[in-house]
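Heads up: the sequence shown begins at 174 in my numbering, then just goes up one per residue. Just so you know, even glycine gets a beta-carbon here, dropped at the ideal spot from N, CA and C. Small disclaimer: the values here were computed from a predicted structure and weren't measured. Everything on this sheet refers to the single structure shown next.
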Amino acid sequence: MLKASQGAPGARILGLGSYRPRRRVTNDELAQVMETSDEWIQSRVGIAERRWADDDETLVEMATAAGGKAIAASGLAPDEIDLVVLASASLSQPIPGIGPQVAHRLGIPRPGALDLNAGCAGFCYSLGLVSDAIRAGSARNAIVVGVERLTDVTDRTDRSTAVIFADGAGAAVVGPSDEPGIGPVAWGSDGDQHSAIEIAAGSQFMTMAGQAVYRWATTKLTEALTQAMDRAGVTAADIDVFAPHQANLRIIESMAKRLGFGEKTVIARDIVRSGNTSAASIPLALEALTESGEAKSGDLALVLGYGAGLTYAGQVLRLP
């Protein structure tokens, strides 16, 4: 059983949903427009293919598709949801946000609705916020949607970013529970490295100091994962599924080794076929594992989002 925060009533994920763009882009296709190869990409980041959205697969369209699936899986009606949080780092315009528009498209009447940008940690930040809102009585049920069109802000001829970033959407409906199904969030930031991942003023494209981010993730974030488990009252031996942000396969496997996960623990490796989809990566990975049967309802999962800012957030949760 997960430990509740200060004895408050619990919250849990009721349903997951996802949307993957139609177009698959292989490493061999990228090798035709830049100096790279399938072997080079897989050896460094572990990606075999990724999804790139077409013009009609907008952020709103993808978020609505993923959100609709999550609502259907939850068993709730749209009018039972009163909070919508849209996590994205790739909005095409600063005003208006798309949270209210996605809520309208989903048929959710007059909810609290907002956009949140915490980079690749956006889904976990949002999950922490809605869980606390439900436990505090500020919301009955909520939906979190992570959605990205990172190809809009990626130079598709730049080997350092184009082989990594991709598009997609993932969603989770969250509701109250007699027993906690989402552990307390362990979050933080290292703003002294804020420029490691950025779109500089006046620039169209994102840049990333890949080696700096890799060192930060592999040396600093194990503490956050341990803190998330401690706050939830569990140990690594209790974890059935490890599903961190799908940024780099080597980072994922390094974290799993540092935490001492054994053969029992399923390790999410959705990055191999999806690339790095930022705020969408964790719900995409979780639904892929449940759909394949590798993970099942009731499994205990450890998740961690981390990225631009530099921000990070993790929690232990029970799969729906």
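Contact check, residue 320 vs residue 236, beta carbons under 8 Å: Going by C-beta atoms, residue 320 is nearer than 8 Å to residue 236.
Could you give the distance in angstroms between the alpha-carbon of residue 307 and the alpha-carbon of residue 479? As the crow flies, the alpha-carbon of residue 307 is around 24 Å from that of residue 479.
Any contact of the region 296-311 with the region 204-223, i.e. 3+ C-beta pairs under 8 Å? With the rule of 3 Cβ pairs closer than 8 Å, the region 296-311 does not count as touching the region 204-223.
Give the secondary structure of residue 349 by DSSP, where H, G and I count as helix, E and B as strand, and everything else as coil. When DSSP states are grouped into helix, strand and coil, residue 349 belongs to the strand group.
Below 7 Å CB to CB, which residues in the same chain sit around residue 180 once its five sequence neighbours on both sides are set aside? A caution first: residue 180 carries a pLDDT of 49, below 50, which makes its placement in the model too unreliable to give a value.
I'd like the list of long-range same chain contacts for residue 395, defined as Cβ closer than 8 Å, with 5 residues on each side in sequence excluded. Listed in chain order, the non-local C-beta contacts of residue 395 below 8 Å within the same chain comprise 428, 431, 432, local neighbours out to five positions each way being set aside.
Three-state secondary structure (DSSP) at residue 431? In the structure shown, residue 431 adopts helical secondary structure according to DSSP, grouped into three states.
Measure the CB-CB distance between residue 341 and residue 194 and report whether it falls below 8 Å. Against a cut-off of 8 Å, the Cβ pair of residue 194 and residue 341 comes out as a contact.
Status (buried if at least 16 other CB within 10 Å, exposed otherwise) for residue 242: Buried, by the Cβ-count rule.
Between residue 412 and residue 457, is the Cβ-Cβ spacing less than 8 Å? In this structure, the beta-carbon distance from residue 412 to residue 457 does not fall below 8 Å.
When the Cα atoms are used, what is the spatial distance from residue 470 to residue 292? The C-alpha of residue 470 lies about 28 Å from the C-alpha of residue 292.
In angstroms, rounded to a whole number, what distance separates the CA positions of residue 426 and residue 438? Straight-line spacing of the CA atoms in residue 426 and residue 438 works out to 12 Å.
Expressed to the nearest angstrom, what Euclidean distance is found between the alpha-carbon atoms of residue 416 and residue 369? One C-alpha to the other measures close to 23 Å.
Using only the alpha-carbon positions, how far apart do residue 467 and residue 303 sit? Residue 467 and residue 303 have their C-alpha atoms spaced approximately 27 Å apart.
Is it buried or exposed, residue 418, if we count other Cβ atoms within 10 angstroms and call 16 or more buried? Here residue 418 is buried, its C-beta having at least 16 other C-beta atoms within 10 Å.
Count the other CB atoms, across all protein chains shown, that sit within 10 Å of the CB of residue 410; report buried if there are 16 or more and exposed otherwise. Counting Cβ neighbours within 10 Å, residue 410 comes out exposed, since fewer than 16 surround it.
In this structure, what does DSSP give as the bridge partners for residue 222? In DSSP, residue 222 forms a bridge with 199.
Range of the contiguous alpha helix (DSSP H) that encloses residue 446: Its alpha helix (DSSP H) spans residues 444-447.
Taking all protein chains shown into account, decide if residue 266 is buried (16 or more other Cβ within 10 angstroms of its Cβ) or exposed. Looking at its Cβ environment, which holds fewer than 16 other Cβ atoms inside 10 Å, residue 266 is exposed.
Helix, strand or coil for residue 417? Go by DSSP, reduced to three states. The answer is strand: DSSP assigns residue 417 an E or B state.
CA-CA distance, residue 232 and residue 325? In a straight line, the C-alpha of residue 232 is about 11 Å away from that of residue 325.
What is the DSSP secondary structure of residue 372, reduced to helix, strand or coil? Coil, per DSSP.
Can you tell which of 450, 240, 356, 493 has the C-alpha that lies nearest to the C-alpha of residue 462? For the set 450, 240, 356, 493, the Cα lying nearest the Cα of residue 462 is the one of 493.
Candidates 295, 366, 381: closest to residue 327 by CA position: Comparing Cα-Cα distances from residue 327 to each of 295, 366, 381, the minimum goes to 381.
Cβ-based neighbour list, residue 400, same chain, cut-off 6 Å, excluding 5 preceding and 5 following: Result list for residue 400: 359, in chain order.
Return the residue from the list 465, 464, 487, 442 that minimises the CA-CA distance to residue 220. Closest by alpha carbon: 442.
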